[in-house]
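Residue numbers (our numbering): 1 to 104.
C-beta: ideal position from N, C-alpha, C; glycine also.
Just below is one structure, and these are the notes that go with it.
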Amino acid sequence: MSFNAPEDARPAFVKAANGTVSFNRKAIEPANSPKPPEPAQGGPNGPPPPVTFDGGTWDGTGFHSSGSANALGDFFYKLTFTKAGTYKYECLIHPDMLGTVKVG
1 MSFNAPEDAR PAFVKAANGT VSFNRKAIEP ANSPKPPEPA QGGPNGPPPP VTFDGGTWDG
61 TGFHSSGSAN ALGDFFYKLT FTKAGTYKYE CLIHPDMLGT VKVG
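Structure (structure tokens):
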């Protein structure tokens with residue numbers, strides 16, 4: 001989940017002049033957010049419970065991103081907004097995943 005993503009954080013994949021394709025680091029790494037926690041381990045009774053990833057606080061300015069956090073499996077992302085407002089977010093890997101958070 002990314003807020004105020006700069007243009008150079010898109011697209012998620014970049015192609016070099018020699019044809020090599022790689023991830024755009026700005027699209028997949030956390031920005032102004034802590035690194036994700038270690039994933040929970042499953043046991044004999046099934047898969048692990050979802051992990052809560054605390055993204056800290058954000059005042060609505062600058063680029064804030066959870067990064068891809070894909071190694072976590074199922075997880076919850078918690079972000080505390082310090083100012084009321086309406087904030088647009090997007091997934092930098094899936095460009096049609098957009099939304100709005102309203103903080104009252």
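For Lys78 and Asp110, believed in contact at Cβ under 8 Å, the rounded distance: Only positions 1 to 104 of the chain appear in this structure, which leaves residue 110 out of reach.
Closest by C-alpha distance to His94, when choosing among Pro11, Glu7 and Asn4: Of the residues Pro11, Glu7 and Asn4, the one whose Cα lies closest to the Cα of His94 is Pro11.
Three-state secondary structure (DSSP) of Lys83: The answer is coil: DSSP assigns Lys83 none of H, G, I, E or B.
Inter-residue spacing [alpha-carbon to alpha-carbon] between Ser2 and Ser65: Straight-line measurement puts the Cα of Ser65 at about 4 Å from the Cα of Ser2.
Under 8 Å between C-beta atoms of Phe81 and Gly60: Yes, the Cβ-Cβ distance between Phe81 and Gly60 is below 8 Å.
Straight-line Cα distance separating Ser68 from Pro48: Straight-line Cα distance between these residues: approximately 19 Å.
Three-state secondary structure assigned by DSSP to Ala31: If DSSP states are grouped into helix, strand and coil, Ala31 belongs with the strands.
Sub-8 Å separation of Phe75 and Pro44 beta-carbons: The Cβ atoms of Phe75 and Pro44 lie no closer than 8 Å to each other.
Contact under 8 Å by Cβ, Ala84 with Val103: Yes, they are a contact pair.
Rounded separation between Gly19 and Gly62 - CA only: As the crow flies, the alpha-carbon of Gly19 is around 32 Å from that of Gly62.
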